[in-house]
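Residue numbers (this note's numbering), protein chains in the order written: chain A, 1 to 214; chain B, 1 to 214.
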DNA sequence: TCCTAATAACTGACTGGCTGGTTATTAGTG
DNA sequence: CACTAATAACCAGCCAGTCAGTTATTAGGA
């Protein structure tokens, strides 16, 4: 009785690119661009190395695709946050910061952030894409919202862009910490707790007397 | 007329290691570990590739030396800061934060930070060394100082470690920004201004009423 | 429904170039 | 002259990228 030999591979043209990009994201996030081998990516994607070249002309193009795919969902989150920007500022912020940690936990933001930072010299275009498409719009929107709240008298005077940086920096550091130091035995940072405590700290530091009373 | 041909090389055994490490720091900071070629390092150090191996047995050892040389001065700064920790907390902090930006500007902290983050998976020992020798002591000292100030009633309640992170994160982000986004045309962050504004924000957010009155 | 031919997704062995590391040789120094 | 820092040519291994061949899949004919 001839046992029905399972097929050596299956043709799934439509699914391959996404699978490859997903695999590449993991490998790149682990090793960085240069140290990542195409054989590793292919293996994790359950495909041969040759197959990669059916979908992407070069290693750099895979990298590009990974970063772009990493930008998109974050961009949506930013847009969604902006759409709700009519609320009063303090509560808007509390809501935003409450949502953020779960987003960070579920997506692979951390690995991508590490990649963008680590490979920025070798791929300036990617750092630029990230800045232009994601960082600058997000930071700009936050800066604008802060400036508006200052104009309304809710927040005290000061450079709104620097206030925005003061606000988001700890979350970014939390992500980097998780990727860099926690794996080598450092005490983890509870990003949710950090977010909550930091927002209150920030509000106390930036609200004007009028705003604080509200 | 015999033109006085300059010597092909000079023997300067004592100076070479430092020159090599300095060159390696620049190259590693630019390209990351894997993408950095030994020929580049040798060329920048004004030396042949073979000469590298007179002083360091392997590429990783050069990397190690670079990181260690990068740790030492920062560690001294932290220690010096701690020695003065008898002052009252708010002013201690203001002084510390005033000193920090120039330190960041003069040393090549930025490149090293980028390196440690980018290569942490491939060289966990280095991330660990940085954490154990520099980050953890610094953060721990800061946490301790905050906890002490809380005990004295100067600062309000809250997780002192998270407060410490809230305090230093923006400076770290400033450094990363300078290394990652400024080179691709992003608007620079004025780290000194950020430090000053952020410390005041932080103090308003963390000082207790009693502390604020002082 | 079964068989066959045509198509194209996929494989995996191969290669060319690059780079970490070695070593025979040269040349500065005392 | 003896010694050794430093060189530069060299080697070995690794990996991105290639391609000739293999196999799943589909279309069409009987």
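For each residue, glycine too, the CB sits at the ideal point set by N, CA and C.
Note that the structure is predicted; figures quoted are calculated from it, not measured.
Within the same chain, no residue comes within 7 Å of residue 54 of chain A by CB-CB distance, once the 5 residues on both sides are set aside. Residue 119 of chain B reaches chain A at 32 and 118, counting residues in chain order whose Cβ is nearer than 8 Å.
Residue-level contact check: residue 204 of chain B touches chain A, since one or more beta carbons of chain A fall below 8 Å from its beta carbon.
Contact with chain B is absent for residue 108 of chain A, since none of that chain's Cβ atoms lies less than 8 Å from the residue's Cβ. Contact between the region 136-148 of chain A and the region 195-202 of chain B is absent: fewer than three C-beta pairs spanning the two stretches fall below 8 Å.
Between residue 51 of chain A and residue 21 of chain A a beta carbon distance of about 13 Å is seen, past the 8 Å cut, so the two are scored as non-contacting. Comparing C-alpha distances from residue 47 of chain A to each of A:35, A:24 and A:120 shows the shortest one belongs to A:24.
Apart from the 5 residues on each side of it in sequence, residue 177 of chain A sits with its Cβ closer than 6 Å to the Cβ of 189 in its chain, given in chain order. Nearest in C-alpha terms to residue 164 of chain B, of all of B:114, B:98, B:26 and B:136, is B:136. Taking the C-beta atoms as reference points, residue 162 of chain A is found no nearer than 8 Å to residue 208 of chain A. When C-beta distances to chain B are compared with 9 Å, the residues of the region 180-192 of chain A below that value are 180, 181, 183, 184, 185, 186, 187, 189 and 190, in chain order. Chain A places no beta carbon closer than 8 Å to that of residue 209 of chain B, leaving this residue out of the contacts.
Of all alpha-carbon atoms in B:186, B:194 and B:193, the one lying nearest the alpha-carbon of residue 131 of chain A is that of B:186.
Here residue 70 of chain B is buried. Its C-beta has 16 or more other C-beta atoms within 10 Å. Distances from the alpha-carbon of residue 175 of chain A to those of A:127, A:88 and A:100 put A:100 closest. Against chain B, the CB of residue 101 of chain A has no partner CB under 8 Å away; the residue lies outside that interface.
For residue 61 of chain B, no CB of chain A lies under 8 Å from its own CB, so it is not counted at the interface with that chain. Contact of residue 176 of chain A with chain B by beta-carbon distance below 7 Å involves 117. Listed in chain order, the non-local C-beta contacts of residue 32 of chain A below 6 Å within the same chain comprise 118, local neighbours out to five positions each way being set aside.
Around residue 165 of chain A, the beta-carbon contacts reaching into chain B at under 7 Å are 170, 173, 189 and 194.
With its beta carbon less than 8 Å from one in chain A, residue 122 of chain B belongs to the interface. The beta carbons of residue 104 of chain B and residue 29 of chain B sit no closer together than 8 Å.
Under a 10 Å Cβ-count criterion, residue 157 of chain B is classified as exposed, with fewer than 16 other Cβ atoms of the shown protein chains found around its own Cβ.
With a threshold of 8 Å between beta carbons, residue 127 of chain A makes contact with chain B. The beta-carbon of residue 98 of chain B is placed no less than 8 Å from the nearest beta-carbon of chain A.
Judged by DSSP secondary structure, residue 23 of chain B falls within the alpha helix (DSSP H) whose first and last residues are 16-31. For residue 181 of chain B, there is no enclosing alpha helix (DSSP H), as DSSP gives it neither H nor E.
For residue 159 of chain B, the nearest CB of chain A lies under 8 Å from its own CB, placing it at the interface with that chain.
Within chain A, 181 and 186 have C-beta atoms less than 8 Å from the C-beta of residue 135 of chain B, given in sequence order.
The alpha-carbon of residue 75 of chain B is positioned some 10 Å away from that of residue 81 of chain B.
Rounded to whole angstroms, residue 45 of chain B and residue 63 of chain B show a C-alpha spacing of 15 Å.
In this structure, residue 67 of chain B and residue 129 of chain B form a Cβ contact; the two beta carbons are roughly 7 Å apart against a cut-off of 8 Å. By a beta-carbon distance limit of 8 Å, residue 205 of chain B does not contact residue 37 of chain A. Their separation comes to about 47 Å.
Sixteen is the threshold: when 16 or more other Cβ atoms of the shown chains lie within 10 Å of the Cβ of residue 166 of chain B, as they do, the residue is buried. Inter-residue distance for residue 108 of chain A and residue 123 of chain A is about 20 Å (C-alpha atoms, whole angstroms). If you check the CB distance, residue 127 of chain A and residue 173 of chain B do not come in under 8 Å.
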